[in-house]
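Accompanying notes for the structure given below.
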Amino acid sequence: MSPNFRIAFRFLTAKKRAMLMSLSCTVLGVGLFIVTQATTSGFEEFFVKTLLGTDGAMRIEDRIQDTLRSMEVAGSPDFQIRQREGVKYIEGVEEPQVIMDTVRSFANVRGVSAVLRGNVQVSSSFKTEDAQVFGIKLEDHRFVSELERKITTPEGLGKFQESAGSALVGRVLADRLQLTVNESIVINARGESRRYVVAAIYETGVRDIDKTRIYIDLAEARSLLRKPTGATFLQISLHDPKRARQEAAHMEEVLRHSVRPWQEREKEWLSVFRALSVSSAITVTVFTLIASLAMFNTLAMIVLEKTKDIAILRSMGYERRDITRIFLWQAAIVLAIGAIVGGVFGAAVSWGVSLVPLPINTLFKTEHFIVALSPWHFVQAITTAVVMVMIASLVPARRAARLEPGDIVRGTAQ
Amino acid sequence: MSTPLHAVSAAPVGDFALRCSGLQRYLGQGDGRVHVLKGVSFEARRGQVYAIVGPSGCGKSTLLYLLGLLDQPDGGDIEINGQRMSNSDDFARTAARGAHIGFVFQFHFLMLEFTALENVMMPMRKLGRLTAPEMEARARMLLEAVGLGSKTHRLGTQLSGGEQQRVAVARALANQPSIILADEPTGNLDVKNSALVFDLLTRLAKDNGQAVILVTHNPEIAQRCDVTRPMRDGLFV
Ligand SMILES: Nc1ncnc2c1ncn2[C@@H]1O[C@H](COP(=O)(O)OP(=O)(O)OP(=O)(O)O)[C@@H](O)[C@H]1O
Ligand SMILES: [Mg+2]
Chain A
1 MSPNFRIAFR FLTAKKRAML MSLSCTVLGV GLFIVTQATT SGFEEFFVKT
51 LLGTDGAMRI EDRIQDTLRS MEVAGSPDFQ IRQREGVKYI EGVEEPQVIM
101 DTVRSFANVR GVSAVLRGNV QVSSSFKTED AQVFGIKLED HRFVSELERK
151 ITTPEGLGKF QESAGSALVG RVLADRLQLT VNESIVINAR GESRRYVVAA
201 IYETGVRDID KTRIYIDLAE ARSLLRKPTG ATFLQISLHD PKRARQEAAH
251 MEEVLRHSVR PWQEREKEWL SVFRALSVSS AITVTVFTLI ASLAMFNTLA
301 MIVLEKTKDI AILRSMGYER RDITRIFLWQ AAIVLAIGAI VGGVFGAAVS
351 WGVSLVPLPI NTLFKTEHFI VALSPWHFVQ AITTAVVMVM IASLVPARRA
401 ARLEPGDIVR GTAQ
Chain B
1001 MSTPLHAVSA APVGDFALRC SGLQRYLGQG DGRVHVLKGV SFEARRGQVY
1051 AIVGPSGCGK STLLYLLGLL DQPDGGDIEI NGQRMSNSDD FARTAARGAH
1101 IGFVFQFHFL MLEFTALENV MMPMRKLGRL TAPEMEARAR MLLEAVGLGS
1151 KTHRLGTQLS GGEQQRVAVA RALANQPSII LADEPTGNLD VKNSALVFDL
1201 LTRLAKDNGQ AVILVTHNPE IAQRCDVTRP MRDGLFV
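Sequence lines, in order, name chains A and B. Each residue of the first sequence is one higher than the one before, counting from 1 in my numbering. Each residue of the second sequence is one higher than the one before, counting from 1001 in my numbering.
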């Protein structure tokens, strides 16, 4: 144990109240940092997870028609981007199978599923509602969405796969139509009505989906909507959804279709979450500043109380830098304990917060506060604490080192 | 007495452990500025005990701080073991304090959060010449020598003023400095302990060739020193 550390430790333990004061500031700072980060990112991550689980990482929608202008400059991507306005889009994907085969060759692609969408009216014996049918092939679609896991009666999925005359209905729509499993509905599209059996009811938690979408088999949808070929869009899931933007740009280039990554699709909501995390970052920063001010204060106080000891130490041959280190050690000890206790405290409070009931059923479905604790939050919190405490302690520590022993013993040190 | 006290005697470099000449020191600021030391010259030989006496406020402590390199003169020279210290930087002065000077303060003696033993070991730990067990043995021996062998583990706060003073004397001797500066080291002590501390200091001076300079108001002690320098109004008379 270095003499400086020994002295620092003794100074600190002799000033229990001051030490507890700065310790609790550090604990609170680290803990609150973790809690805010965990809650903010908890909701955002859950939202992203939900949207990836429902509508996939990206969608291939419209075919890009080569206009004269963009044909001239094909092979010069820079120029093409600038000419975007001049590019024409043709709605839908005309040859889904060809495109899907190409898409599957991308390494990051986990699955791709063709979807045919159409507006319909759906009637139960109780009433009629506007809705949308989504024609899917379940064996493809299970790789691009979590629909399977959102089914409230799992055994219904087998029935859906076996019988073309069955449908998956969203929870909200089912409630409105007062439907239960195995009852039948009539779907009216383009003046023609067909009867389907409700194989299962699903609940994604996203209200807009649960109140409008009816999933039926793709082939059946083609015949119902009278679109024998083509798809409205292709839904794609990725192994690494964070790279969706890059993949989309690349695919657009290769496939000559517009490819929209989830970041673009959900821009509005994502920017709301971004604003939320900025505002919580501001709160945390303000709190950390206050905490480090308190730290500064206690340490400056300890320095004031210890001037005589500083003079004694200096008279015995302790150098200025020893004095600096003695006070930095004190900060470091507080910091180390504060980081550990603060980390535990932050984790405990986050856990407590996750038990707070908070039913949400619009953007996503949850019954409680959502927290996402990640090691990264601890690293961030502790790094911030280290930087703040070291800045806060450097000033008093250096001041202590600058004191002249002669001035101290005469009582004229300031 | 036991040998370790005498063991690591500093090799004499010339005759004088300490010399100063023409020391000037002003204290205070503006209208309160006082010419405290008005050109003090002084030299201390190895193996000699010096007493600085004089009325309160004549500048004895001020002089001792300068000689102990705790303060810097406004004029004049200080030499420690033949090395000029008055113009040297903080680092060199600090190193010289640790290696060559033992200082006993007039008023504040100990670091109160530490035990007597830890206080005495403090300068040794910084100097780092001895191993931890050697340091402890030496500290115990020094505390024994000042009559505190049974109170080595008392905290500073649990010792009387006189006991604190004796621990401070033991601490000043810790690194076997060639110069011991003591500002009224017997000020708070009874006759018996005054004699104990004074005898210890004189014996060290004789056996180890250390120069001992002490400030005292006690005429008996002053009389027993090798040299007595009376001081008045910032000058030796
Ligand atoms: N900060 C200061 N400003 C102005 N004058 C000061 C200051 N500190 C001390 N003095 C003056 O310097 C003079 C010398 O003080 P010093 O402490 O050296 O006296 P001393 O001889 O040690 O006295 P004592 O025997 O009482 O300890 C005194 O007259 C004192 O008033
Ligand atoms: Mg004095």
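Note that beta-carbon positions come from the ideal geometry of N, C-alpha and C, so glycine has one too. The structure presented is a predicted model; accordingly, all values stated were derived computationally and were not measured.
Check whether the Cβ atoms of residue i and residue j sit closer than 8 Å, and answer yes or no.
i	j	result
valine 144(A)	valine 112(A)	yes
isoleucine 382(A)	valine 30(A)	yes
glycine 1234(B)	cysteine 1058(B)	yes
phenylalanine 1103(B)	serine 315(A)	yes
serine 237(A)	arginine 142(A)	no
leucine 1023(B)	leucine 1063(B)	yes
threonine 1216(B)	glutamate 1184(B)	yes
glycine 1039(B)	glycine 1068(B)	no
glycine 156(A)	valine 133(A)	no
leucine 177(A)	lysine 127(A)	yes
valine 198(A)	valine 172(A)	no
alanine 1051(B)	leucine 1214(B)	yes
arginine 1171(B)	asparagine 1208(B)	no
glycine 1098(B)	leucine 1127(B)	yes
valine 1049(B)	leucine 1201(B)	yes
threonine 152(A)	alanine 200(A)	yes
alanine 401(A)	leucine 328(A)	no
Closer than 7 Å by beta-carbon distance: list the chain B residues that pair up with residue i, in chain order.
i	result
phenylalanine 415(A)	The requested residue 415(A) does not occur in the structure, where chain A is confined to residues 1 to 414.
serine 22(A)	Within 7 Å Cβ-Cβ: nothing; serine 22(A) doesn't reach chain B, min ~18 Å.
proline 405(A)	Leu1070
alanine 14(A)	Glu1113
aspartate 309(A)	Met1111
Does DSSP classify residue i as helix, strand or coil?
i	result
serine 1041(B)	strand
cysteine 1058(B)	coil
glutamine 178(A)	coil
aspartate 208(A)	helix
alanine 1174(B)	coil
serine 1086(B)	coil
aspartate 1183(B)	strand
arginine 245(A)	helix
methionine 1(A)	coil
leucine 12(A)	helix
serine 280(A)	helix
glutamine 65(A)	strand
serine 1009(B)	Caution applies to serine 1009(B), whose pLDDT of 42 falls short of 50 and renders its modelled position unreliable; the value that the coordinates give is listed next. Of the three classes helix, strand and coil, the one that applies to serine 1009(B) here is coil, per DSSP.
glutamine 1029(B)	coil
histidine 1153(B)	coil
lysine 227(A)	coil
histidine 250(A)	helix
serine 417(A)	With chain A covering only 1 through 414, there is no way to say anything about residue 417(A).
lysine 150(A)	helix
proline 359(A)	strand
valine 144(A)	coil
phenylalanine 233(A)	strand
lysine 88(A)	strand
glutamate 1163(B)	helix
Residues of chain B with CB under 8 Å from residue i, in chain order?
i	result
methionine 301(A)	None at all; the shortest Cβ gap to chain B is about 16 Å.
proline 3(A)	Met1122, Arg1125 and Lys1126
What does residue i touch in chain A if you count any residue whose Cβ is under 7 Å from its own?
i	result
alanine 1211(B)	None at all; the shortest Cβ gap to chain A is about 17 Å.
methionine 1122(B)	Met316
phenylalanine 1091(B)	Glu319
Along chain A, which residues have their Cβ under 8 Å away from the Cβ of residue i?
i	result
threonine 1094(B)	Arg314, Gly317, Tyr318, Glu319 and Arg320
alanine 1170(B)	None at all; the shortest Cβ gap to chain A is about 13 Å.
arginine 1097(B)	Arg314, Ser315, Met316 and Gly317
Would you mind telling me which residues of chain A sit closer than 9 Å to residue i, beta carbon to beta carbon, in chain order?
i	result
methionine 1135(B)	Near methionine 1135(B) there are no residues of chain A at all, since even the closest Cβ is about 11 Å away, more than 9 Å.
Against residue i, what residues of chain B qualify as contacts under a CB-to-CB distance less than 9 Å, listed in chain order?
i	result
valine 409(A)	Ser1061, Tyr1065, Leu1070, Asp1071, Phe1105, Gln1106, Phe1107 and His1108
> Is the region 178-196 of chain A in contact with the region 28-48 of chain A, if contact means three or more CB pairs nearer than 8 Å?
Replying inline: no
> Where in the region 316-352 of chain A do unbroken runs of the alpha helix (DSSP H), each at least 4 residues long, occur, reported from the N-terminal end onward?
Replying inline: The qualifying runs do not exist here; there are none.
> Going along the chain, which unbroken runs of the beta strand (DSSP E) with 3 or more residues stay wholly within the region 1193-1224 of chain B?
Replying inline: 1211-1215
> Of all the alpha helix (DSSP H) runs that stay within the bounds of the region 116-141 of chain A, which reach a length of 4 or more residues?
Replying inline: 138-141
> Given 8 Å as the limit, is there contact between the region 356-365 of chain A and the region 205-214 of chain A, that is, 3 or more CB pairs closer than that?
Replying inline: yes
> Is there contact between the region 252-269 of chain A and the region 4-19 of chain A, where contact requires at least three CB pairs shorter than 8 Å?
Replying inline: no
> So, do the region 85-99 of chain A and the region 291-301 of chain A have three or more beta carbon pairs nearer to each other than 8 Å?
Replying inline: no
> Below 8 Å, can you find three or more Cβ-Cβ pairs linking the region 350-358 of chain A to the region 240-259 of chain A?
Replying inline: no
> At which residue ranges does the region 1094-1137 of chain B contain complete alpha helix (DSSP H) runs of 4 or more residues, listed in the order of the chain?
Replying inline: 1116-1127
> Is the region 55-62 of chain A touching the region 309-326 of chain A, taking contact as three or more C-beta pairs under 8 Å?
Replying inline: Touching, no.
> With a cut-off of 8 Å, do at least 3 Cβ pairs link the region 1159-1170 of chain B to the region 1189-1205 of chain B?
Replying inline: Contact between the region 1159-1170 of chain B and the region 1189-1205 of chain B is present, with at least three C-beta pairs closer than 8 Å.
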